[in-house]
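Colleague: Quick one: this structure, given as structure tokens, is what I'll be asking you about.
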Amino acid sequence: MCSFQDPRETHLRSCRTIVDPLIPQEQAGFRHGRSTVDQVTLLTQDIEDSYSAKKKAGAVFVDLTTACMASRPHLQAAHAATVT
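Just add 316 to wherever you are in the sequence shown, counting from 1, and you've got my numbering.
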């Protein structure tokens, strides 16, 4: 049996091993091995820690849906149909 490995997957895996340790734990988004629950738990813990230390906490939520749609016009109609 012969197996084929996509070179893009190999490249992505090697990039992850270099980049993932450099990304702060607080940075959310689509991260390998992190679920939405993990990210919400981390955010909640950060807020509680800041409150306990009498420090301010802030969060920025960015919705990039529109940016994604602008770069993919063929998806705009499909997205508009689901929103309306």
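Note that CB positions come from ideal geometry on N, CA and C, so glycine has one too. From a predicted model like this one, the values you see are computed outputs, not experimental measurements.
I need the DSSP call for Q361, collapsed to helix, strand or coil.
Modeller: Looking up residue 361 in the sequence shown gives position 45. Q361: helix per DSSP, three-state reduction.
Colleague: In terms of alpha-carbon separation, which member of Q341, L328, Q321 and T333 lies closest to V356?
Modeller: Locating residue 356 in the sequence shown gives position 40, counting from the first residue. Considering only alpha carbons, the answer is Q341.
Colleague: Please confirm whether S366 and A375 have their CB atoms less than 8 Å apart.
Modeller: Position 50 of the sequence shown, counted from the first residue, corresponds to residue 366. Position 59 of the sequence shown, counted from the first residue, corresponds to residue 375. Taking 8 Å as the Cβ cut-off, S366 and A375 do not qualify as a contacting pair.
Colleague: Can you find the residues in the same chain that come closer than 6 Å, C-beta to C-beta, to K370, ignoring five residues on each side of it along the sequence?
Modeller: Locating residue 370 in the sequence shown gives position 54, counting from the first residue. Excluding sequence neighbours, K370 sits near nothing in its chain.
Colleague: Taking only the alpha-carbon atoms, compute the straight-line gap between T326 and T333 and give it to the nearest angstrom.
Modeller: Position 10 of the sequence shown, counted from the start, is the residue given in the question as residue 326. Position 17 of the sequence shown, counted from the start, is the residue given in the question as residue 333. Near 11 Å, if we compare the C-alpha coordinates of T333 and T326.
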